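2 protein chains.
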Amino acid sequence: MRLVILGGVAAGTKAASRARRLDPEMEITVYQEEPEPSISECGLPYLLSGVVGKRENLIARTPEKFADKDIEVLVRHRVEGVDTASKKLSVRDLRTDETFDDTYDRLIVATGARAVLPPIPGVDLDGVFKLRFLTDTDEIGRYIEERSPRKATIVGGGYIGLEVAENLCRLGMEVSLIEGEDRVALAYGPEVSESVEAELEANGVGVYTGEMVDEFTGEGHVDGVKFGDRELETDLVIVGVGIRPNVELAAEAGVEIGVTEAIVVDRHMKTSVSDIWAAGDCVQTTNLVSGRPAWIPLGDTANQMGRVAGTNAATDDETLEFPGVLGTGIFKVFDLNVGKTGLSEKEAEEAGFEVVSAGLWANDRAAYYPGVQKVFLKLIADRATGRLLGAESAGSGADKLTDICATALWGRLSYPDLVNIDLAYAPPYGPALSPVIQAATILSGKFDRAREGVRAKE
Amino acid sequence: MRLVILGGVAAGTKAASRARRLDPEMEITVYQEEPEPSISECGLPYLLSGVVGKRENLIARTPEKFADKDIEVLVRHRVEGVDTASKKLSVRDLRTDETFDDTYDRLIVATGARAVLPPIPGVDLDGVFKLRFLTDTDEIGRYIEERSPRKATIVGGGYIGLEVAENLCRLGMEVSLIEGEDRVALAYGPEVSESVEAELEANGVGVYTGEMVDEFTGEGHVDGVKFGDRELETDLVIVGVGIRPNVELAAEAGVEIGVTEAIVVDRHMKTSVSDIWAAGDCVQTTNLVSGRPAWIPLGDTANQMGRVAGTNAATDDETLEFPGVLGTGIFKVFDLNVGKTGLSEKEAEEAGFEVVSAGLWANDRAAYYPGVQKVFLKLIADRATGRLLGAESAGSGADKLTDICATALWGRLSYPDLVNIDLAYAPPYGPALSPVIQAATILSGKFDRAREGVRAKE
Chain A
169 MRLVILGGVA AGTKAASRAR RLDPEMEITV YQEEPEPSIS ECGLPYLLSG VVGKRENLIA
229 RTPEKFADKD IEVLVRHRVE GVDTASKKLS VRDLRTDETF DDTYDRLIVA TGARAVLPPI
289 PGVDLDGVFK LRFLTDTDEI GRYIEERSPR KATIVGGGYI GLEVAENLCR LGMEVSLIEG
349 EDRVALAYGP EVSESVEAEL EANGVGVYTG EMVDEFTGEG HVDGVKFGDR ELETDLVIVG
409 VGIRPNVELA AEAGVEIGVT EAIVVDRHMK TSVSDIWAAG DCVQTTNLVS GRPAWIPLGD
469 TANQMGRVAG TNAATDDETL EFPGVLGTGI FKVFDLNVGK TGLSEKEAEE AGFEVVSAGL
529 WANDRAAYYP GVQKVFLKLI ADRATGRLLG AESAGSGADK LTDICATALW GRLSYPDLVN
589 IDLAYAPPYG PALSPVIQAA TILSGKFDRA REGVRAKE
Chain B
169 MRLVILGGVA AGTKAASRAR RLDPEMEITV YQEEPEPSIS ECGLPYLLSG VVGKRENLIA
229 RTPEKFADKD IEVLVRHRVE GVDTASKKLS VRDLRTDETF DDTYDRLIVA TGARAVLPPI
289 PGVDLDGVFK LRFLTDTDEI GRYIEERSPR KATIVGGGYI GLEVAENLCR LGMEVSLIEG
349 EDRVALAYGP EVSESVEAEL EANGVGVYTG EMVDEFTGEG HVDGVKFGDR ELETDLVIVG
409 VGIRPNVELA AEAGVEIGVT EAIVVDRHMK TSVSDIWAAG DCVQTTNLVS GRPAWIPLGD
469 TANQMGRVAG TNAATDDETL EFPGVLGTGI FKVFDLNVGK TGLSEKEAEE AGFEVVSAGL
529 WANDRAAYYP GVQKVFLKLI ADRATGRLLG AESAGSGADK LTDICATALW GRLSYPDLVN
589 IDLAYAPPYG PALSPVIQAA TILSGKFDRA REGVRAKE
């Protein structure tokens, strides 16, 4: 029995390890295009600045370590064709550029996603980078070492752009961030976007929203960026927009691709083609709040999907399920923590809900306890049923509040359920009533007011 | 319509404020024995050391502030009799020692709990204190100022004893802690107790477990403590054992008292006597995990109960419900965070569950992210159904893990539900898979092993 896995980052390596644990006999081969498998891609922005000291720290396991578990990991290999009828693979060894054939009994597609550079004039200049793989940080690192850029431009105000902005500032660069929409952190509501922009500006980042880059200028090396009627000098550009799932190979093999342009899988991570599973950043899943197809490429989710795909491929059964995601995410930008779960108000409205929400700024600990800081929390709920639809938070302890709300969404709780929830209180850890309880109580207050209306009429 | 509330700390003042908001016309009087209402009792250990700078910081609202909302708060008044037939109260003004009569239409009993000193010889010596009220910290503070104690003894290794130990150390005292059971933090499993004891010892606290105090010695002032075959010099003793609900008045009035010796209320905080509600540290509630009566006096719960009692008393209706508690708690001792929700393994077994558990030490952030620290998490579940029964955590981020698990318990999730839960991941906030997911996966692993057994037989 031969299991072949295409892709060796989070989902692929997890699937391989799971399959090996469940089946000590199975042949397992992982093909990986990049030179290292098992990369912690979420750590790349921190490698740029030296917050993560060594690139080795981001490699969870080398091919040798996998070999110890009898898992063959072939890096610098690209699978270029899948014949599902004969179960044959065409593989290119990128070191020699030679091709060879392989076969599989069961296949897991974990080809991930890639960053694409938008077709902006000058995007091919030296000094314009994307950031997706460890090799990207290698290139950026070399460029920084050779040319000591003083001014950097980030294109895109999503979480990668924001994390990179922080880390380039740490290197002493003067950083500008350009976002095409009218605010950064667009997956969040306007309160959070404002907080993020304020944090960027407080740390010296020039923030330009509602601006599309017209051109990168320079002779050989980038030396400027034009947008609107502005032109900024820049020695380095990192483009943090345009990530797409790598599905071309699967699509050519006849695997169904979904509305999100990622691979369709069922709850068992099975694709539309027999003996082919898929997992990670290349697959489409379900947003469990909206019930709609979702493509949310994140390392933790990829890991969870890989576990399910690896288990089910190893057992050739529907042993485990991956039900879907909530759309939970978090990032840090300078000293601001920003997290989200479920749907934003805008996303909830687009999904057809009639939305009620309550946002508040609360203390992160008892008001009298030293070091008290503020945290924003917004709860988003369905007016008709009270069901919690989402939450977003920014500030001290936003990670905790986000995870409480993610768990509440996972349990399909409503905001009235949260008014009396028994969370952990002591003065160093929060106000007596958690911001989650406070926000749920505000939402419930609408009920009180309705009731007061009834009383007034009596 | 006249509402009288007995007790003006967390539950009583919250009930008063809620009632006023819902009914602008109602007469509302709060009787409070202590000289200040609305005290943040959880902050008292931190006032001792000056971590909380001023006692005023622990007074959320003065009687004058309540008067602004047309709520009469009479401090230094003790209600000594309740005639439920005539709805009359006998009240003593403790400043003049005079008594007078009052009446009520609706009554809320929020008389709280008190610390009782165990009948140990020498417990009446000067320098032996309990810590429950702001007036206790006033007395301890005066004693410390006058006598500059160098050596302090804490009796009791529960969370109050532990918090006090930390705060007396901050004052430069040499602190010993004596616990009758064989470990501190008895509500937790042995791993957490060990961590707490190690943290105490690392900070210079002498920990004596399995020891009962035989005698406090001294002439007038305490100067020693005898236990087992030991005798320690001590200049100050704080006894952190023996908290009891204040229910004598309610019991005399015919209100039903429960097996926990606290007042029985229904889900609407109504007592067994008509027109009498109760809330806070004097009431018995339900542990929603075990389904059994529970008495867990905590400030946040008192606040939530007060909201329900105040609303229902104001509306004379079953407007709001308080379903019960999980037994969630948290404390900090030096740099160690310790939290719990639901049942410990021992408590779960006592409640009749067949218990499975998984404990692990995990990272509090990505292994490569600077400042990584360890955190312990144990999940406790029901073998038959997989239902989560409890969790306990110690270390960095224990508050977050406790609250995630509390929310999972609140939603009655099982451990298989938690394997794929979509929590917030980025390198500064946790490992790629939360310790909650890791522990749930370990529990699920038993399933895999069972399955492997089946495969081996095939």
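Protein chains in written order, with the numbering used here: chain A, 169 to 626; chain B, 169 to 626.
Cβ atoms here follow ideal geometry from the backbone N, Cα and C, with glycine treated the same way.
A quick note: this is a predicted structure, and the numbers were derived from the prediction, not measured.
* Extent of the continuous beta strand (DSSP E) run through residue 376(B) -> Taking the second sequence and counting its residues from 1, one reaches residue 376(B) at position 208. Run containing residue 376(B): 374-377, per the beta strand (DSSP E) assignment.
Handout entry: Inter-residue Cα distance where the pair is residue 282(B) and residue 566(B)
Key = On the second sequence, position 114 is the one that residue 282(B) refers to. On the second sequence, position 398 is the one that residue 566(B) refers to. Our two residues, residue 282(B) and residue 566(B), have alpha carbons roughly 29 Å apart in a direct line.
Next item on the list: May I ask you to report which of helix, strand or coil DSSP gives residue 327(B)?
Entry: Taking the first residue of the second sequence as 1, we reach residue 327(B) at position 159. Note: residue 327(B) maps to helix in three-state DSSP.
Original post:
What residues from chain B crowd round residue 499(A), counting only those whose CB sits closer than 7 Å?
Top reply: Within the first sequence, the letter at position 331 stands for residue 499(A). Proximity of chain B to residue 499(A) at the Cβ level (cut-off 7 Å) is accounted for by 594, in chain order.
Notebook entry, point to check: Taking the Cβ atom as the reference point for each residue, do residue 501(B) and residue 368(B) lie within a distance shorter than 8 Å?
Noted result: For the purposes of this step, residue 501(B) is taken as residue 333 along the second sequence, with counting starting at 1. For the purposes of this step, residue 368(B) is taken as residue 200 along the second sequence, with counting starting at 1. Result yes, Cβ atoms of residue 501(B) and residue 368(B) sit closer than 8 Å.
inquiry  = Using only CA atoms, which one of 297(A), 595(A) and 252(A) lies nearest to residue 389(A)?
reply    = Position 221 of the first sequence holds residue 389(A). Looking at the Cα atoms, 297(A) is the closest of the given residues.
_Would you call the region 461-476 of chain A in contact with the region 328-346 of chain A, where contact means no fewer than 3 C-beta pairs closer than 8 Å?_
Between the region 461-476 of chain A and the region 328-346 of chain A, the count of C-beta pairs closer than 8 Å stays below three; the two stretches do not touch.
message: So, with DSSP's three-state summary, where would you put residue 185(A)?
response: Position 17 of the first sequence holds residue 185(A). Correct three-state label for residue 185(A): helix.
**Q.** Limits of the unbroken beta strand (DSSP E) element including residue 298(A)
**A.** If you number the first sequence from 1, residue 298(A) lands on position 130. That run of the beta strand (DSSP E) goes 296-298.
Practice prompt. Please report the residue range of the alpha helix (DSSP H) in which residue 392(A) lies.
Written response: In the first sequence, counting from the first residue as 1, residue 392(A) sits at position 224. Run containing residue 392(A): none in the alpha helix (DSSP H); it sits in the beta strand (DSSP E), 392-395.
Assigned secondary structure, residue 467(A) (DSSP; H/G/I helix, E/B strand, else coil):
Looking up residue 467(A) in the first sequence gives position 299. Helix, per DSSP.
Would you kindly check if the distance between the Cβ of residue 196(B) and the Cβ of residue 239(B) is under 8 Å? Here residue 239(B) refers to the residue found at position 71 when the second sequence is read from its first residue. Here residue 196(B) refers to the residue found at position 28 when the second sequence is read from its first residue. Cβ distance < 8 Å, so residue 239(B) and residue 196(B) count as in contact.
_Using only CA atoms, which one of 459(A), 581(A) and 454(A) lies nearest to residue 465(A)?_
Locating residue 465(A) in the first sequence gives position 297, where the first residue counts as 1. Among 459(A), 581(A) and 454(A), the Cα nearest to that of residue 465(A) belongs to 454(A).
**Q.** Residue nearest to residue 555(B) in terms of C-alpha spacing, selected from 574(A), 316(A) and 579(A)
**A.** By one-based count along the second sequence, residue 555(B) stands at place 387. Considering only alpha carbons, the answer is 579(A).
- Item | 8 Å Cβ cutoff, residue 521(B) in contact with chain A | The sequence position of residue 521(B) within the second sequence is 353, counting from 1. Taking Cβ atoms only, chain A never reaches closer than 8 Å to residue 521(B), which makes this a no.
Could you give the residue range of the alpha helix (DSSP H) that holds residue 301(A)? For the purposes of this step, residue 301(A) is taken as residue 133 along the first sequence, with counting starting at 1. Membership of residue 301(A) in any alpha helix (DSSP H) is not indicated, and neither H nor E is assigned to it by DSSP.
- [ ] Assign residue 268(A) to one of three DSSP states: helix, strand, or coil.
- [x] Walking along the first sequence from the start, residue 268(A) turns up at place 100. For residue 268(A), the secondary structure class from DSSP, reduced to helix, strand or coil, is strand.
* Asked: In this structure, does DSSP put residue 533(A) in helix, strand or coil?
  -> Counting from one through the first sequence, the residue named residue 533(A) turns up at place 365. In the three-state scheme derived from DSSP, where H, G and I count as helix and E and B as strand, residue 533(A) is classed as coil.
**Message:** Can you tell me whether residue 221(B) is helix, strand or coil according to DSSP?
**Reply:** Residue 221(B) sits at position 53 when you count from the first residue of the second sequence. It is coil, neither helix nor strand.
Practice problem: Answer yes if the region 300-315 of chain B comes into contact with the region 475-487 of chain B, meaning at least three C-beta pairs across the two stretches below 8 Å, and no otherwise. | Solution: Verdict: no, contact absent.
Cα-Cα separation, residue 203(B) to residue 334(A): Start at 1 with the first residue of the second sequence, and residue 203(B) comes out as number 35. Start at 1 with the first residue of the first sequence, and residue 334(A) comes out as number 166. Residue 203(B) and residue 334(A): Cα-Cα distance of roughly 51 Å.
| task | Please check if any C-beta of chain B sits within less than 8 Å of the C-beta of residue 335(A). | result | Mapped onto the first sequence, residue 335(A) falls at position 167. Taking a beta-carbon distance threshold of 8 Å, residue 335(A) does not count as an interface residue toward chain B.
Spatial neighbours of residue 191(A) in its chain, beta-carbon cut-off 7 Å, leaving aside the 5 residues before and after = Position 23 of the first sequence holds residue 191(A). Cβ within range, chain order: 482.
Exercise for review: Classify residue 541(A) as buried or exposed, calling it buried when 16 or more other Cβ atoms lie within 10 Å of its own Cβ.
Suggested key: Position 373 of the first sequence, counted from the start, is the residue given in the question as residue 541(A). Within a 10 Å sphere around the beta-carbon of residue 541(A) sit fewer than 16 other beta-carbons, which makes this residue exposed.
Inset, instruction - Take residue 647(A) as the anchor and find which of 402(A), 182(A), 577(A) and 170(A) has the nearest alpha-carbon. - result: Missing from the structure shown is residue 647(A); chain A here goes from 169 to 626 and no further.
Item to complete: Evaluate the contact criterion for the region 586-597 of chain A versus the region 488-503 of chain B: three or more CB pairs, one atom per stretch, below 8 Å.
Response: With a cut-off of 8 Å, the region 488-503 of chain B and the region 586-597 of chain A count as touching, because enough Cβ pairs lie within range.
Exercise. Per DSSP, what kind of secondary structure is residue 455(B) in: helix, strand or coil?
Worked result: Taking the first residue of the second sequence as 1, we reach residue 455(B) at position 287. Residue 455(B): strand per DSSP, three-state reduction.
Exercise for review: Using the Cα positions of residue 585(A) and residue 398(B), report the straight-line distance between them to the nearest angstrom.
Suggested key: The residue given as residue 585(A) occupies position 417 in the first sequence. The residue given as residue 398(B) occupies position 230 in the second sequence. For the pair residue 585(A) and residue 398(B), the Cα-to-Cα distance works out to about 52 Å.
(request) Identify whether residue 401(A) lies in helix, strand or coil by the three-state DSSP scheme. (result) Counted from its first residue, the first sequence places residue 401(A) at position 233. Three-state result, residue 401(A): strand.
Could you confirm whether any beta carbon from chain A is found closer than 8 Å to the beta carbon of residue 607(B)?
Here residue 607(B) corresponds to residue number 439 of the second sequence, with the count starting at 1. By this cut-off, residue 607(B) is not an interface position.
Exercise for review: With 8 Å as the threshold, decide whether the Cβ of residue 181(B) is near any Cβ in chain A.
Suggested key: For the purposes of this step, residue 181(B) is identified with residue 13 of the second sequence, where counting begins at 1. With 8 Å as the cut-off, residue 181(B) does not count as an interface residue toward chain A.
Point to revise | Beta-carbon contacts of residue 371(A) that lie in its chain and below 8 Å, excluding the five residues immediately before and after | key: As a working mapping, residue 371(A) is identified with position 203 in the first sequence. Within the same chain, and ignoring the five residues on either side of residue 371(A) in sequence, the residues whose Cβ sits closer than 8 Å to its Cβ are 334, 337 and 502.
**Message:** For a test of the three-state rule: what should DSSP assign to residue 478(B), helix, strand or coil?
**Reply:** By one-based count along the second sequence, residue 478(B) stands at place 310. For residue 478(B), the three-state secondary structure derived from DSSP is helix.
Practice prompt. Select from 507(A), 258(A), 199(A) and 393(A) the residue whose C-alpha is nearest the C-alpha of residue 165(B).
Written response: Residue numbering for chain B in the displayed model covers 169 to 626; residue 165(B) lies beyond these limits and cannot be assessed.
Notebook entry, point to check: According to the neighbour-count rule (16 or more other Cβ atoms, all chains shown, within 10 Å of its Cβ), is residue 437(B) buried or exposed?
Noted result: In the second sequence, counting from the first residue as 1, residue 437(B) sits at position 269. Within a 10 Å sphere around the beta-carbon of residue 437(B) sit 16 or more other beta-carbons, which makes this residue buried.
Report task. Use the C-beta contact count for residue 274(A): other C-beta atoms within 10 angstroms, 16 or more gives buried, fewer gives exposed. Result -> The sequence position of residue 274(A) within the first sequence is 106, counting from 1. Buried.
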